[in-house]
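The block underneath contains the structure these notes are about, expressed in structure tokens.
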Amino acid sequence: MKKSDFHFDLPEALIAQAPLPERSASRLLVVPPGDGAFADRQVRDLPEWLAPGDLLVFNDTRVIPARLFGQKETGGRVEILIERLLPENEARAQVGASKSPKPGSRIALDAGGEAEVLGRDGEFYRLRFHVPTALESWLLQAGRLPLPPYIQREAGADDDERYQTVFARAPGAVAAPTAGLHFDEPLLATLRERGVEFGHVTLHVGAGTFQPVRVDDVRQHQMHSEWLNVGAALIERIHATRASGGRVIAVGTTVVRALESAMRDGELQPFAGETRIFIFPGYRIRSVDAMITNFHLPESTLLMLVSAFAGKERVFAAYEHAVRERYRFFSYGDAMLLFPS
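What follows is the structure, encoded as structure tokens:
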């Protein structure tokens with residue numbers, strides 16, 4: 192299976208550069224099972240497609256202001272994107288500079304304080320931050336929101352709210368679980384009234400989510416590592432939902448990756464730790480019955496995941512429909528309700 196098998200042509204004008212004024216006003220392409228006709232709806236219509244007793248599973252990670260700027264001791268400018276917070280005011284980060292900073296060197300931060308370079312592991316650096324308070328709390332004042340690289344503008348004040356889900360509570364992500372961005376309080380209230388239940392996982396989305404697949408044979412691709420937590424209470428709720436005839440619907444690919452990482456011997460088990468799970472066609476997703484997801488980049492691992500879930504031909508037919516109907520793509524774009532093939 193080749194990376195090029197997952198290429199499609201996307202007009203640049205369809206890449207959403209900002210969110211709509213209302214979260215649930217985004218369009219929703221419903222892709223039913225089998226070869227049923229696609230339905231062009233809005234996210235606020237989602238309750239019509241769900242039934243009492245269904246379980247929506249959200250990712251409750253919270254995006255941290257992980258982007259910093261500074262200057263090397265030699266005078267060169269530096270951009271830092273924190274990928275993972277570590278103990279003792281340390282972090283794993285991507286560092287952009289004209290020349291790679293050496294271990295032992297220091298970066299004077301524009302926001303005050305310094306970042307000491309401890310070492311490097313592949314594309315990531317290990318930094319120790321010399322700042323007045325704990326790094327996580329300091330970033331809330333000093334850091335900038337890291338919008339995805341395909342959004343061609345600087346983050347503004349509105350992004351501080353709109354690039355977070357309304358249920359975000361566990362800080363640690365550097366990118367939003369974007370399918371969850373479509374849910375607002377009125378929509379959640381309508382879903383509750385319909386009898387739809389909610390559950391949560393935590394998966395801290397890392398900067399590696401934007402890294403391209405660099406090998407032609409997708410089986411040779413090495414996924415980045417992300418931390419997740421699937422709790423025992425959620426597992427019990429999933430079992431109860433299935434036992435009563437309800438469906439488990441993942442809100443986003445990160446939820447699918449979290450639940451599939453928690454599979455042990457064919458059964459969901461509580462799990463907290465790292466995952467490098469790579470899901471592409473040939474892999475059978477067993478943890479969910481449907482998923483809500485945004486439209487993903489050509490040749491991306493996320494496009495491969497949804498192709499594994501619903502079938503590559505079916506997904507690509509839906510993408511062709513979305514391009515033709517001028518759906519908005521990527522993080523601030525529109526969504527799909529996708530059922531398995």
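If you count the sequence shown from 1, position 334 lands on 525 in the numbering used here, and the numbers rise without skipping.
We put the CB at the ideal spot given by N, CA and C, even for glycine.
1. Considering Phe260, what are the terminal residues of the beta strand (DSSP E) in which it resides?
2. Considering only the beta carbon of each residue, do Phe486 and Ala508 sit closer than 8 Å?
3. Per DSSP, what kind of secondary structure is Ala346 in: helix, strand or coil?
4. Could you spell out where the beta strand (DSSP E) holding Trp240 opens and where it closes?
5. To the nearest whole angstrom, what separates the beta carbons of Arg385 and Pro243, a pair I think is in contact under 8 Å?
6. Can you give me the Cβ contacts of Leu496 inside the same chain, cut-off strictly under 6 Å, excluding the 5 residues immediately before and after it?
7. Helix, strand or coil for Glu274? Go by DSSP, reduced to three states.
8. How far does the beta strand (DSSP E) with Leu191 in it extend, from its first residue to its last?
9. For Ala284, tell me which candidate among Lys290, Ile273, Pro294, Ser291 has the shortest Cα-Cα distance.
10. Touch check for the region 253–260 and the region 228–243: three-plus C-beta pairs under 8 Å?
11. In this structure, how does DSSP classify Ile321 when only helix, strand and coil are distinguished?
12. So for Phe249, helix, strand or coil by DSSP?
13. Less than 8 Å between the CB atoms is what I'm expecting for Ala366 and Thr324, so what's the real figure, rounded?
14. If we ignore side chains and look at the alpha-carbon of each, how far apart do Val506 and Glu213 end up?
15. Determine whether the beta carbon atoms of Gly299 and Leu318 lie at a separation below 8 Å.
16. Residues in its own chain within less than 7 Å of Leu276 by CB, not counting five upstream and five downstream?
17. Check this for me: beta carbons of Val447 and Leu247, under 8 Å apart or not?
18. Where does Phe197 fall in DSSP's three states?
In this structure, then:
1. One-based indexing of the sequence shown puts residue 260 at position 69. 258–263 is the span of the beta strand (DSSP E), which, as asked, contains Phe260.
2. Position 295 of the sequence shown, counting from 1, holds the residue named residue 486. Position 317 of the sequence shown, counting from 1, holds the residue named residue 508. No, they are not a contact pair.
3. In the sequence shown, residue 346 corresponds to position 155, counting from 1. Coil.
4. Here residue 240 refers to the residue found at position 49 of the sequence shown. Per DSSP, Trp240 is not a residue of any beta strand (DSSP E), being assigned neither H nor E.
5. Within the sequence shown, residue 385 is the residue found at index 194, counting from 1. Within the sequence shown, residue 243 is the residue found at index 52, counting from 1. Contact holds; Cβ gap of about 6 Å.
6. As a position in the sequence shown, residue 496 is number 305, starting the count at 1. Excluding residues within five positions, the ones whose Cβ falls inside 6 Å are Thr444, Ile470.
7. Indexing the sequence shown from 1 puts residue 274 at position 83. In this structure, Glu274 counts as strand in the three-state DSSP scheme.
8. Look at the range of the chain in this structure, 192 to 532, and you will see that residue 191 is not part of it.
9. Numbered from its first residue, the sequence shown carries residue 284 at position 93. Ranked by Cα distance from Ala284, the first of Lys290, Ile273, Pro294, Ser291 is Ile273.
10. Result no; under three Cβ-Cβ pairs closer than 8 Å.
11. In the sequence shown, residue 321 corresponds to position 130, counting from 1. Note that residue 321 corresponds to His in the displayed sequence, not to Ile. Three-state DSSP puts His321 in a strand.
12. Looking up residue 249 in the sequence shown gives position 58. Phe249 falls in the strand class under three-state DSSP.
13. Within the sequence shown, numbered from 1, the residue matching residue 366 stands at position 175. Within the sequence shown, numbered from 1, the residue matching residue 324 stands at position 133. Wrong, their Cβ atoms sit about 24 Å apart, outside the cutoff.
14. Position 315 of the sequence shown holds residue 506. Position 22 of the sequence shown holds residue 213. Roughly 27 Å between the two C-alpha positions.
15. On the sequence shown, residue 299 is found 108 positions in, with the first residue counted as 1. On the sequence shown, residue 318 is found 127 positions in, with the first residue counted as 1. Residue 299 is actually Ala in this sequence, not Gly. With respect to Leu318, Ala299 sits apart: the two C-beta atoms are not nearer than 8 Å.
16. Taking the sequence shown and counting its residues from 1, one reaches residue 276 at position 85. Excluding five sequence positions before and after Leu276, the CB atoms of its chain that fall closer than 7 Å to its own CB belong to Ala282, Leu326, Glu327, Gly363, given in chain order.
17. Indexing the sequence shown from 1 puts residue 447 at position 256. Indexing the sequence shown from 1 puts residue 247 at position 56. Taking 8 Å as the Cβ cut-off, Val447 and Leu247 do not qualify as a contacting pair.
18. Here residue 197 corresponds to residue number 6 of the sequence shown, with the count starting at 1. Of the three classes helix, strand and coil, the one that applies to Phe197 here is helix, per DSSP.
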